[in-house]
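Engineer: Just passing along the structure, written as C-alpha coordinates.
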Amino acid sequence: MLRSVSALIFSLSVAGLVHAETKAVDVYTQEQLLDMIRGGYYLTKVKNDECQLVQDIEARAEVLKQPLYQFLWGEMFIHGVCLKADPARGVSMLKEAAEQGSAEAMLKIARYYEEGKYVFKDKNRAVMYVLPAAANGDLLARMALVRLYNEGYGSPRDYELAYHWLYNEVFGDEKMKQDAWKLLQQLESKMPASSVARARGEHMWSY
(Lines of atoms letter the chains of each structure in order from A and count residues from 1; the text may use other names and numbers.)
(Lines give C-alpha, C1' and ligand atoms only; values in the text may rest on other atoms or scores of the structure.)
Protein backbone atom coordinates (compact mmCIF):
# COMPACT_ATOMS: atom_id res chain seq x y z
CA MET A 1 0.00 0.00 0.00
CA LEU A 2 2.76 2.42 0.98
CA ARG A 3 4.63 1.58 -2.22
CA SER A 4 1.51 2.38 -4.30
CA VAL A 5 1.02 5.75 -2.57
CA SER A 6 4.69 6.61 -3.11
CA ALA A 7 4.41 5.69 -6.79
CA LEU A 8 1.31 7.88 -7.14
CA ILE A 9 3.02 10.84 -5.48
CA PHE A 10 6.04 10.40 -7.78
CA SER A 11 3.80 10.29 -10.86
CA LEU A 12 1.98 13.45 -9.85
CA SER A 13 5.29 15.21 -9.20
CA VAL A 14 6.61 14.28 -12.64
CA ALA A 15 3.35 15.40 -14.25
CA GLY A 16 3.61 18.71 -12.44
CA LEU A 17 7.16 19.24 -13.68
CA VAL A 18 6.16 18.43 -17.25
CA HIS A 19 3.24 20.85 -17.01
CA ALA A 20 5.53 23.57 -15.67
CA GLU A 21 8.01 22.99 -18.47
CA THR A 22 5.31 23.26 -21.16
CA LYS A 23 3.64 26.42 -19.90
CA ALA A 24 1.02 27.71 -22.30
CA VAL A 25 2.09 30.61 -24.50
CA ASP A 26 -0.20 33.56 -25.14
CA VAL A 27 -0.93 34.57 -28.73
CA TYR A 28 1.27 37.45 -29.84
CA THR A 29 -0.34 40.87 -30.00
CA GLN A 30 0.06 42.89 -33.18
CA GLU A 31 2.56 45.14 -31.38
CA GLN A 32 4.60 42.18 -30.13
CA LEU A 33 4.63 40.57 -33.55
CA LEU A 34 5.70 43.81 -35.23
CA ASP A 35 8.58 44.14 -32.75
CA MET A 36 9.57 40.52 -33.43
CA ILE A 37 9.57 41.08 -37.18
CA ARG A 38 11.49 44.35 -37.02
CA GLY A 39 13.94 42.79 -34.59
CA GLY A 40 14.43 39.80 -36.88
CA TYR A 41 13.74 37.18 -34.20
CA TYR A 42 10.19 36.14 -35.13
CA LEU A 43 11.13 32.60 -36.26
CA THR A 44 13.38 32.09 -33.24
CA LYS A 45 10.50 33.13 -30.98
CA VAL A 46 8.12 30.61 -32.59
CA LYS A 47 10.71 27.84 -32.12
CA ASN A 48 11.48 28.89 -28.53
CA ASP A 49 7.74 28.73 -27.80
CA GLU A 50 7.93 25.06 -28.87
CA CYS A 51 5.59 25.57 -31.83
CA GLN A 52 2.59 25.86 -29.49
CA LEU A 53 0.97 28.65 -31.50
CA VAL A 54 0.99 27.03 -34.94
CA GLN A 55 -2.80 26.65 -35.09
CA ASP A 56 -3.37 30.18 -33.78
CA ILE A 57 -0.94 31.61 -36.33
CA GLU A 58 -2.60 29.62 -39.12
CA ALA A 59 -6.07 30.86 -38.16
CA ARG A 60 -4.98 34.50 -38.07
CA ALA A 61 -3.16 34.16 -41.38
CA GLU A 62 -5.50 31.94 -43.40
CA VAL A 63 -8.92 32.80 -41.95
CA LEU A 64 -8.66 36.30 -40.46
CA LYS A 65 -6.17 37.42 -43.14
CA GLN A 66 -4.13 39.54 -40.72
CA PRO A 67 -1.10 40.82 -42.69
CA LEU A 68 1.50 40.47 -39.93
CA TYR A 69 0.39 36.90 -39.26
CA GLN A 70 0.39 36.22 -43.00
CA PHE A 71 4.00 37.43 -42.99
CA LEU A 72 4.88 35.11 -40.10
CA TRP A 73 2.99 32.13 -41.57
CA GLY A 74 4.65 32.66 -44.93
CA GLU A 75 8.12 32.81 -43.41
CA MET A 76 7.43 29.65 -41.41
CA PHE A 77 6.66 27.82 -44.65
CA ILE A 78 9.67 29.30 -46.45
CA HIS A 79 12.12 28.28 -43.73
CA GLY A 80 10.38 25.11 -42.54
CA VAL A 81 9.82 26.31 -38.97
CA CYS A 82 7.29 24.10 -37.16
CA LEU A 83 6.01 23.10 -40.62
CA LYS A 84 7.22 21.16 -43.63
CA ALA A 85 9.10 23.65 -45.80
CA ASP A 86 7.07 24.92 -48.76
CA PRO A 87 8.73 28.06 -50.21
CA ALA A 88 6.14 28.45 -52.97
CA ARG A 89 3.30 28.62 -50.46
CA GLY A 90 5.33 30.87 -48.20
CA VAL A 91 6.15 33.41 -50.92
CA SER A 92 2.51 33.38 -52.02
CA MET A 93 1.46 34.21 -48.46
CA LEU A 94 4.00 37.05 -48.28
CA LYS A 95 2.63 38.48 -51.52
CA GLU A 96 -0.90 38.32 -50.11
CA ALA A 97 0.27 40.29 -47.07
CA ALA A 98 2.00 42.80 -49.36
CA GLU A 99 -1.22 43.26 -51.34
CA GLN A 100 -2.90 44.22 -48.06
CA GLY A 101 -0.30 46.94 -47.54
CA SER A 102 2.19 45.24 -45.22
CA ALA A 103 5.49 47.14 -45.56
CA GLU A 104 7.25 44.27 -43.78
CA ALA A 105 6.05 41.81 -46.44
CA MET A 106 6.98 44.18 -49.28
CA LEU A 107 10.50 44.56 -47.92
CA LYS A 108 10.94 40.82 -47.38
CA ILE A 109 9.81 39.94 -50.92
CA ALA A 110 12.00 42.70 -52.33
CA ARG A 111 14.97 41.25 -50.46
CA TYR A 112 14.32 37.79 -51.90
CA TYR A 113 14.22 39.22 -55.44
CA GLU A 114 17.29 41.30 -54.73
CA GLU A 115 19.28 38.31 -53.49
CA GLY A 116 17.77 35.71 -55.82
CA LYS A 117 16.64 33.52 -52.91
CA TYR A 118 13.72 31.18 -53.72
CA VAL A 119 13.05 33.28 -56.85
CA PHE A 120 15.11 34.46 -59.81
CA LYS A 121 17.20 37.53 -59.02
CA ASP A 122 15.36 40.57 -60.33
CA LYS A 123 16.30 43.89 -58.74
CA ASN A 124 13.86 45.83 -60.90
CA ARG A 125 11.08 43.73 -59.40
CA ALA A 126 12.56 44.43 -55.97
CA VAL A 127 12.09 48.13 -56.72
CA MET A 128 8.44 47.47 -57.57
CA TYR A 129 7.85 45.96 -54.12
CA VAL A 130 9.86 48.55 -52.19
CA LEU A 131 8.30 51.59 -53.89
CA PRO A 132 4.77 51.35 -52.39
CA ALA A 133 6.22 50.70 -48.93
CA ALA A 134 8.39 53.81 -49.34
CA ALA A 135 5.38 55.81 -50.53
CA ASN A 136 3.52 54.75 -47.37
CA GLY A 137 6.29 56.21 -45.20
CA ASP A 138 8.40 53.20 -44.23
CA LEU A 139 11.94 54.44 -43.52
CA LEU A 140 13.72 51.17 -44.26
CA ALA A 141 11.87 50.95 -47.56
CA ARG A 142 12.91 54.50 -48.45
CA MET A 143 16.53 53.70 -47.76
CA ALA A 144 16.32 50.46 -49.74
CA LEU A 145 14.69 52.31 -52.64
CA VAL A 146 17.44 54.93 -52.85
CA ARG A 147 20.09 52.21 -52.59
CA LEU A 148 18.54 50.31 -55.50
CA TYR A 149 18.34 53.51 -57.55
CA ASN A 150 22.03 54.12 -56.80
CA GLU A 151 22.78 50.66 -58.17
CA GLY A 152 21.07 51.56 -61.44
CA TYR A 153 17.71 49.84 -61.01
CA GLY A 154 14.28 51.40 -61.35
CA SER A 155 13.35 54.53 -63.29
CA PRO A 156 15.37 57.78 -63.14
CA ARG A 157 12.04 59.60 -63.33
CA ASP A 158 11.44 58.56 -59.70
CA TYR A 159 14.80 59.72 -58.31
CA GLU A 160 13.49 63.13 -57.31
CA LEU A 161 10.58 61.76 -55.32
CA ALA A 162 12.71 59.10 -53.61
CA TYR A 163 15.27 61.76 -52.70
CA HIS A 164 12.50 64.00 -51.34
CA TRP A 165 11.10 61.25 -49.14
CA LEU A 166 14.41 60.29 -47.57
CA TYR A 167 15.77 63.84 -47.26
CA ASN A 168 12.70 64.94 -45.31
CA GLU A 169 12.71 61.96 -42.93
CA VAL A 170 13.13 62.30 -39.15
CA PHE A 171 15.75 59.95 -37.72
CA GLY A 172 15.85 58.60 -34.20
CA ASP A 173 19.14 56.81 -34.84
CA GLU A 174 22.27 58.79 -35.72
CA LYS A 175 23.95 55.94 -37.59
CA MET A 176 20.88 55.43 -39.75
CA LYS A 177 20.83 59.16 -40.43
CA GLN A 178 24.46 59.07 -41.60
CA ASP A 179 23.78 56.01 -43.75
CA ALA A 180 20.83 57.81 -45.31
CA TRP A 181 22.96 60.87 -46.04
CA LYS A 182 25.54 58.75 -47.85
CA LEU A 183 22.79 57.21 -49.97
CA LEU A 184 21.42 60.66 -50.81
CA GLN A 185 24.86 61.94 -51.80
CA GLN A 186 25.19 59.04 -54.23
CA LEU A 187 21.77 59.73 -55.71
CA GLU A 188 22.61 63.42 -56.09
CA SER A 189 25.35 62.51 -58.53
CA LYS A 190 22.67 61.06 -60.84
CA MET A 191 20.37 64.10 -60.64
CA PRO A 192 20.40 67.65 -62.08
CA ALA A 193 21.04 70.37 -59.49
CA SER A 194 17.56 71.82 -60.08
CA SER A 195 16.00 68.44 -59.33
CA VAL A 196 17.98 68.10 -56.11
CA ALA A 197 16.89 71.60 -55.04
CA ARG A 198 13.23 70.75 -55.58
CA ALA A 199 13.60 67.41 -53.80
CA ARG A 200 15.06 69.11 -50.74
CA GLY A 201 11.95 71.21 -50.30
CA GLU A 202 9.58 70.33 -47.50
CA HIS A 203 6.74 70.00 -49.97
CA MET A 204 6.65 68.86 -53.57
CA TRP A 205 3.58 70.44 -55.08
CA SER A 206 4.00 68.67 -58.40
CA TYR A 207 3.11 65.30 -56.81
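Quick note, the sequence shown lines up with residues -20 to -1, 1 to 187 if you use mature numbering (1 follows the signal peptide of the UniProt record, and there is no 0). Ideal placement from N, C-alpha and C gives every residue a C-beta, glycine not left out. Treat the numbers as computed from the prediction; the structure is a model and nothing was measured.
(1) State the start and end residues of the unbroken alpha helix (DSSP H) segment that holds S72.
(2) Relative to the C-alpha of E17, which residue among L87, M184, G117 and H183 is closest?
(3) Hey, would you say Y109 sits closer than 8 angstroms to A78, going by beta carbons?
(4) Return helix, strand or coil for L128, following the three-state DSSP convention.
(5) If we ignore side chains and look at the alpha-carbon of each, how far apart do A83 and A121 end up?
(6) Among the residues of its own chain, which have a CB less than 7 angstroms from the CB of V61, if the five just before and after it don't count?
(7) For I58, which of N104, V150, V99 and M156 has the nearest alpha-carbon?
(8) Under 8 angstroms Cβ to Cβ from P172, same chain only, skipping five residues before and after it: list those, please.
(9) Please report how far the alpha carbon of H183 lies from the alpha carbon of M73, in whole angstroms.
(10) Which residues in the same chain as D66 place their Cβ atom closer than 7 angstroms to its Cβ, once the five residues preceding and following it in sequence are excluded?
(11) Where in the region 34 to 59 do unbroken runs of the alpha helix (DSSP H), each at least 4 residues long, occur, reported from the N-terminal end onward?
(12) For M123 and V34, what's the separation of their Cα atoms in angstroms?
Structural biologist: In this structure, then:
(1) Residue mapping note: residue 72 aligns to position 92 of the sequence shown, counting from 1. Run containing S72: P67 to E79, per the alpha helix (DSSP H) assignment.
(2) As a first step, residue 17 is located in the sequence shown; it is residue number 37 there, counting from the start. Checking the sequence shown, residue 17 turns out to be Ile, not Glu. Of the candidates L87, M184, G117 and H183, the one whose C-alpha sits nearest the C-alpha of I17 is L87.
(3) To locate residue 109, count along the sequence shown from 1; it is residue 129. To locate residue 78, count along the sequence shown from 1; it is residue 98. In this structure, A78 lies closer than 8 angstroms to Y109 by Cβ.
(4) Within the sequence shown, numbered from 1, the residue matching residue 128 stands at position 148. L128: helix per DSSP, three-state reduction.
(5) Taking the first residue of the sequence shown as position 1, residue 83 is located at position 103. Taking the first residue of the sequence shown as position 1, residue 121 is located at position 141. A direct Cα-Cα distance of roughly 8 angstroms separates A83 from A121.
(6) Against the sequence shown, residue 61 aligns to sequence position 81. So the qualifying residues of the chain are L23, V26 and K27.
(7) Reading the sequence shown from its first residue, position 78 is the one you call residue 58. Selected option, being the one with the closest Cα: V99.
(8) For the purposes of this step, residue 172 is taken as the residue at position 192 of the sequence shown. Cβ within range, chain order: n/a, list empty.
(9) The count along the sequence shown starts at 1 and reaches residue 183 at position 203. The count along the sequence shown starts at 1 and reaches residue 73 at position 93. Distance between the alpha carbons of H183 and M73 is about 36 angstroms.
(10) On the sequence shown, position 86 is the one that residue 66 refers to. Closer than 7 angstroms at the Cβ level, and outside the excluded window around D66, lie F57.
(11) The region 34 to 59 contains these whole alpha helix (DSSP H) runs: 34 to 38 and 47 to 59.
(12) Start at 1 with the first residue of the sequence shown, and residue 123 comes out as number 143. Start at 1 with the first residue of the sequence shown, and residue 34 comes out as number 54. Using only the alpha carbons, I get a separation of about 33 angstroms.
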